[in-house]
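Quick notes on the structure that follows.
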Amino acid sequence: MDTTIETTFTLNGERVTRRIPVRQNLVDFLREEMGLTGTHVGCEHGVCGACTVRVDSKIVRGCLMLAVQAESRKVETIEGASESGELAELQDAFHKRNALQCGFCTPGMLLTAQDLITQNPHATREQIRWHISGNYCRCTGYQAIVDAVETVLTARRSRA
Amino acid sequence: MKAPPFAYARARHLSEVFDLLESHGEGAKILAGGQSLMPALNMRLSSPDVLIDITRLAELFGIKVNSNAVHIGALTTHSEIERSAEIRKHLPLLADAVEHIAHPAIRNAGTFGGSLAMADPAAEWPACCVVLDAQIVVASKSGTRRIAARDFFHGLYATAMKPNEVLTEVVIPIPGAGTRHAFLELARRRGDYAIVGVAALAKMTDNRMTGLQLAFLGAGDKPVLARTTSQAIVNKEFSDTAISTAQDALTQDIDPAADLHHTAATKLHLARVLTARVLKQLAA
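Chains as they are written, first to last, in my numbering: chain Y, 1 to 160; chain B, 161 to 444.
Here it is as structure tokens:
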């Protein structure tokens, strides 16, 4: 069996083909081979959530998936979700509510919060806390993050 | 850290999985959702020769319901169970338990079969399968066999599966009409490993509990069916005294070991607390 495999997948809307070492996890591939350093490497065992990316529109841990497993999947990182404008309202709320300080958790936090916003427009503060429970932030104490997510949910409901 | 080197095979058919398992023996590891295996690799607690990626095997996905049982494919994710109307309707115990499993991003990847094959004693699905008296279907080159969940778990990360077998499906009988369920778990933070938890089924007739099944997680080296505790309260007039009797019987069923954060006495105390809560919830 080969120790590298040619792998083709969609990355932020563009088709990518690379020969990838089988033991390389997705987040390391994105950062080191593709230069997409917005996805962060924290604990490397699925606890901290800094490496959160979307695969086939679902949030997953980038450190708990081999890059070769992305074959024929659709992978989206914070760069893609940010450039498309999808996160603009949430990013603005994070800024206004001081929902970040050092910024290390922010890419993962944004993708996780966006996941909740799209799935549950009526989420309560408690449900916001549940949803981001797998994303660690060591700066904010979470209150400001919950405020920011709630701000977006409330604004969207009032526009609906 | 980074995973040690290994070979990788993406299986296209179950027969390929069987062949690889036969040729590599215990040096092979099945890669399903990867939410336990990948951390173990990254922390270098595991160093298999070959990973057999089964995540493209369509026949291992999905939830099917027939007249008296629910069939859950091994690769069905925790999230799919969470969102399934069929599970909510027929096996509400699983729907209640799933929200205790880790976090959304992990539930999107982790699988039902993977959790059972991993046999972590603090995991939710093994205790649920024990209490529901599920049958676990495993397959190898020589065919398939069914193992009762109550015989499947042998100890810490140890099951009745042989190294050449792969878990393909779980068959869970639908509890009879009027069956009540409850799932309770204590953890330090939401989604963390359970300190202790309990899955339960029972019926109530004339203020008496019947058919009570209690299975504890995080209370031993495998999920524990608490038969003596159950017998202490079934068919008796339901009361605080009866609950106390059941709590006192608990030491005959479980003997939890200390973990990093809790002494054995603390865990036993918490199991007593959960016993009272779960019985009251079932009776309510």
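Ideal Cβ positions, reconstructed from N, Cα and C, are used throughout, including at glycine.
**Request:** Could you tell me whether the Cβ of B:GLN412 comes closer than 9 angstroms to any Cβ of chain Y?
**Result:** no
**Study point:** Among B:GLY222, B:THR328 and B:PRO264, nearest to B:GLU246 - alpha-carbon criterion
**Key:** B:GLY222
Exercise for review: For chain Y, find out if any of its Cβ atoms is closer than 9 angstroms to the Cβ of B:ILE266; answer yes or no.
Suggested key: yes
B:PHE272 CB to nearest chain Y CB: under 9 angstroms? no
Practice task
Check the DSSP bridge columns for B:HIS341 and list the partner residues they point to.
Solution key: B:LEU361
Would you say Y:GLU32 and Y:THR17 are within 9 angstroms of each other, going by their C-beta atoms? no
With a threshold of 7 angstroms on Cβ separation, who are the neighbours of Y:GLY38 within its own chain once the five nearest residues in sequence on each side are excluded?
THR77, ILE78, GLU79 and PRO107
Quiz item: Which residues, in chain order, does the region 104-117 of chain Y contribute to contact with chain B at a C-beta distance below 9 angstroms?
Solution: GLY108, LEU111, THR112, ASP115 and LEU116
Original post:
Is the Cβ-Cβ distance between Y:LEU87 and B:MET198 less than 9 angstroms?
Top reply: no
- Which residue comes first and which comes last in the beta strand (DSSP E) that contains B:MET278? Taken as a continuous stretch (DSSP letters only), B:MET278 belongs to no beta strand (DSSP E), being part of the alpha helix (DSSP H) at 272-278.
query: Quick one: is B:ASP415 buried, meaning 16 or more other Cβ sit within 10 Å of its Cβ, or exposed?
result: exposed
Decide if Y:ASP28 is buried, meaning its Cβ has at least 16 other Cβ atoms within 10 Å, or exposed. buried
Worksheet item: Buried or exposed: where does Y:SER84 fall if 16 or more other Cβ atoms within 10 Å of its Cβ makes it buried?
Response: exposed
inquiry  = I'd like to know whether the C-beta atoms of B:ALA282 and B:PHE312 end up nearer to each other than 9 angstroms.
reply    = no
For Y:ASN25, the residue or residues it bridges with in DSSP:
Y:LEU66
Next on the checklist: Three Cβ pairs or more, each shorter than 8 angstroms: is that satisfied between the region 258-275 of chain B and the region 228-248 of chain B?
Outcome noted: yes
Counting contacts by CB-CB distance shorter than 9 angstroms, is Y:VAL68 in contact with chain B? yes
Inset, instruction - Name the one or two DSSP bridge partners that B:ALA257 has. - result: None; B:ALA257 has no bridge partner.
Notebook entry, point to check: Are B:ALA167 and Y:MET1 closer than 9 angstroms when you measure CB to CB?
Noted result: yes
_Between which two residues does the beta strand (DSSP E) holding B:SER300 run?_
295-300
If you draw a straight line from the C-alpha of B:GLY357 to the C-alpha of B:ARG348, how long is it?
12 angstroms
Going by the beta-carbon positions, is the gap between Y:ILE117 and Y:VAL152 smaller than 9 angstroms? yes
Cα-Cα separation, B:LYS224 to B:VAL330: 11 angstroms
Count the other C-beta atoms from every protein chain shown that fall within 10 angstroms of the C-beta of B:LEU316, then say buried if there are 16 or more, exposed otherwise. exposed
- With 8 angstroms as the C-beta to C-beta threshold (strictly closer), list the residues of the region 213-226 of chain B near chain Y in chain order. ASP213 and THR215
Q) Leaving out five residues before and five after B:GLU397 in sequence, what residues of the same chain have Cβ atoms less than 7 angstroms from its Cβ? A) ASN367 and ARG368
message: Count Cβ pairs between the region 168-186 of chain B and the region 126-135 of chain Y that sit closer than 8 angstroms; are there 3 or more?
response: no
* Quick one: grab the DSSP three-state call for B:MET198. => helix
- prompt: Can you find a C-beta in chain A that's less than 9 angstroms from the C-beta of B:MET278?
  reply: Among the chains of the structure shown, chain A does not appear; the protein chains present are Y and B.
Any heavy atom of the ligand PLP closer than 8 angstroms to the beta-carbon of B:ASP413? By its list of ligands, the structure shown contains no ligand whatsoever, and the ligand PLP lies outside what it can speak to.
Does B:GLN407 pass the burial test, meaning 16 or more other C-beta atoms within 10 Å, or should it be called exposed? buried
Exercise for the section: With DSSP as the reference, please indicate the residues paired to Y:LEU11 in a beta bridge. Expected result: Y:GLU14 and Y:VAL75
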